[in-house]
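To keep things clear, I will list the structure first and then write my remarks on it.
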Amino acid sequence: MPPRCGKSNPESAVAAAVRMPPIPDLPGELRQLLAQVPPGRVTSFGDLAEALGDVGAARWVATEIAAIRDGTIPWHRVVKRTGELPGDADRQRWQRQRLDAEYAVREPLWTAFDSTRPLRALADWQSRTSRLATFHVALPLPDRVGAVDLSYVSDTEAIAAYAAVDAKSLQLVDSDFIRVPVPFPYIPGYLTFRELPALVALVERVRDRIAPVTLVDGSGRLHPRRSGVAVALGVLAGLRTVGVSKHRLCGRPRGDDTNALWDGDEMLGFRLDGGSKRRTMYVSPGSGLDAASAVAIVRAVWRDRRSPEPIHWADAISRREAKQ
DNA sequence: GCGACAG
DNA sequence: ATCTTGTCGC
Numbered sequence: 000m001p002p003r004c005g006k007s008n009p010e011s012a013v014a015a016a017v018r019m020p021p022i023p024d025l026p027g028e029l030r031q032l033l034a035q036v037p038p039g040r041v042t043s044f045g046d047l048a049e050a051l052g053d054v055g056a057a058r059w060v061a062t063e064i065a066a067i068r069d070g071t072i073p074w075h076r077v078v079k080r081t082g083e084l085p086g087d088a089d090r091q092r093w094q095r096q097r098l099d100a101e102y103a104v105r106e107p108l109w110t111a112f113d114s115t116r117p118l119r120a121l122a123d124w125q126s127r128t129s130r131l132a133t134f135h136v137a138l139p140l141p142d143r144v145g146a147v148d149l150s151y152v153s154d155t156e157a158i159a160a161y162a163a164v165d166a167k168s169l170q171l172v173d174s175d176f177i178r179v180p181v182p183f184p185y186i187p188g189y190l191t192f193r194e195l196p197a198l199v200a201l202v203e204r205v206r207d208r209i210a211p212v213t214l215v216d217g218s219g220r221l222h223p224r225r226s227g228v229a230v231a232l233g234v235l236a237g238l239r240t241v242g243v244s245k246h247r248l249c250g251r252p253r254g255d256d257t258n259a260l261w262d263g264d265e266m267l268g269f270r271l272d273g274g275s276k277r278r279t280m281y282v283s284p285g286s287g288l289d290a291a292s293a294v295a296i297v298r299a300v301w302r303d304r305r306s307p308e309p310i311h312w313a314d315a316i317s318r319r320e321a322k323q
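Just so you know, we're using numbering that gives the first Met the number 0 here: the first sequence kicks off at 0 and counts up by one.
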């Protein structure tokens with residue numbers, strides 16, 4: 000029963016607000032949208048992405064359509080926003096024939112989709128989730144530092160691995176993995192919905208022995224909605240997490256410290272220079288600690304490999320298991 | 001040609 | 001991320 004009145008209860012507020020959202024069947028949604036385009040009209044990849052809820056999914060739409068083999072799906076009514084046809088000469092010739100056969104007008108683009116815009120709902124979930132994260136707590140270096148990572152067996156199945164090292168010796172002290180279905184494609188800004196179900200399942204498996212801090216291969220607050228996969232995992236699983244990525248999703252240097260990364264007036268994380276043998280990494284809080292603590296912890300467990308020790312082991316284990 | 005958006 | 005030949009630098 001929820002508390003009735005009086006003081007708010009942070010525990011139950013969090014418990015009520017944090018649940019994994021329903022993961023939409025995006026390929027299915029795309030096929031439904033394709034079926035809506037009337038014969039004789041054309042639409043664009045970007046307009047389809049917009050109908051899915053985010054124009055940023057346009058490249059996923061393009062690659063998904065290019066992979067369609069089912070001849071009953073009317074992919075030929077999709078063109079580039081410039082009016083050009085996509086693909087190589089053969090594909091263009093085939094598409095032009097199909098369009099000519101139905102006397103298609105090439106403009107204006109048809110955009111009157113009926114859609115629930117599922118990506119918009121997911122983006123809203125990310126914004127709500129980021130408000131439940133904490134990122135002002137200074138956290139000393141704990142005794143162990145863990146990491147999680149995924150390797151893909153196929154486009155729809157992955158190995159999620161956990162590894163932990165002793166913070167002093169940097170020796171591997173714990174590891175585990177699970178094989179899990181992956182329900183969602185990769186779309187920039189929405190990695191959370193591809194990897195979070197697997198990571199939550201993995202964390203449940205190692206819950207009783209998990210390290211005080213978990214590094215996550217992906218962004219934390221360095222995200223357009225301050226809600227990278229490390230933020231979501233921290234909030235949903237109630238863990239202290241740090242986002243560690245090899246590429247920068249958002250955030251730019253600003254001012255005196257060229258390693259601090261800002262978006263608007265928010266300092267979201269840091270660039271960690273790798274030097275010669277290591278590679279540059281981007282670090283930001285997931286939840287439960289501040290950016291300075293996050294970067295100090297990552298530094299402490301980063302020796303001379305390309306990536307910090309816990310991430311290296313989680314990556315190596317998941318990759319090895321995915322190969323079998 | 002430029003810019004490029006985690007995994 | 002994964003798929004992979006050839007290429008480049010130490």
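In this text, a Cβ means the ideal position worked out from N, Cα and C, and glycines have one as well. Just so it is clear, the structure is predicted and the values come from calculations on it, not from any experiment.
Within its own chain, the residues whose Cβ lies closer than 7 Å to the Cβ of P309, once the five positions on either side in sequence are excluded, are V144, G145, A146, A162, A163, V164, L214, V300, listed in chain order.
For V202, same chain residues with a beta-carbon under 8 Å away, outside a window of 5 residues either side, are V147, Y161, I209, T213, L232, A236, L238 in chain order. About 23 Å separates the Cβ atoms of L221 and Y151, ruling out a contact at the 8 Å cut-off. Within the region 93-161, the complete beta strand (DSSP E) segments at least 3 residues long are 143-153, listed from N- to C-terminus.
Listed in chain order, the non-local C-beta contacts of D264 below 7 Å within the same chain number zero, local neighbours out to five positions each way being set aside. DSSP places V282 in the uninterrupted beta strand (DSSP E) bounded by 280-286.
Cβ contact annotation for P211 (same chain, cutoff 6 Å, sequence separation greater than five): P141, in chain order. Within a 10 Å sphere around the beta-carbon of D272 sit fewer than 16 other beta-carbons, which makes this residue exposed.
Between the alpha carbons of D255 and A313 lies a distance of about 35 Å.
According to the DSSP secondary-structure assignment, L271 is paired through a beta bridge with M280. In the DSSP secondary-structure assignment, V215 is bridged to V147, G242.
In the DSSP assignment, V36 falls outside any beta strand (DSSP E), carrying neither H nor E. Taken atom to atom, the span from the alpha-carbon of V228 to that of G45 is near 25 Å.
Note on geometry: alpha-carbon atoms of L149 and S306 lie some 15 Å from one another. The beta carbons of D207 and S244 sit no closer together than 8 Å. When the five nearest sequence neighbours on each side are left out, the beta carbons in the same chain lying within less than 6 Å of the beta carbon of R253 are those of W261, in order along the chain. With contacts defined as CB atoms closer than 8 Å, I158 and A56 fail to qualify as a contacting pair. Per the C-alpha coordinates, the member of P73, I67, V41 positioned closest to L108 is V41. Bridge pairing for V78: S43 [DSSP]. Between T133 and V17, the alpha-carbon positions lie close to 14 Å from each other. Of all alpha-carbon atoms in R68, E106, F112, P37, the one lying nearest the alpha-carbon of E28 is that of F112. Cβ-Cβ distances below 7 Å link I316 to A160, A162, S174, F176 in the same chain, with the five nearest sequence neighbours on each side left out; the list follows chain order.
Per DSSP, L171 is one residue of the beta strand (DSSP E) stretching across 171-180. Relative to the Cα of L267, the nearest Cα in the group G274, S275, L248 belongs to L248. Rounded to the nearest whole angstrom, the CA to CA distance from A48 to K79 is 12 Å. Counting only residues of its own chain and dropping the five nearest sequence neighbours on each side, Q35 has a CB closer than 7 Å to the CB of F112, D113.
Residues of the same chain with a CB within less than 6 Å of the CB of V60, apart from the 5 flanking positions on each side, are F44, L47, A48 in chain order. The C-beta separation of L131 from V234 comes to about 5 Å, placing the pair in contact by the 8 Å criterion.
DSSP lists D262 as the beta-bridge partner residues of E265. The beta-bridge partner set that DSSP reports for D165 consists of R143.
By alpha-carbon distance to L118, the top candidate from D24, V77, E63, R178 is D24.
With respect to E101, G39 sits close: the two C-beta atoms are nearer than 8 Å.
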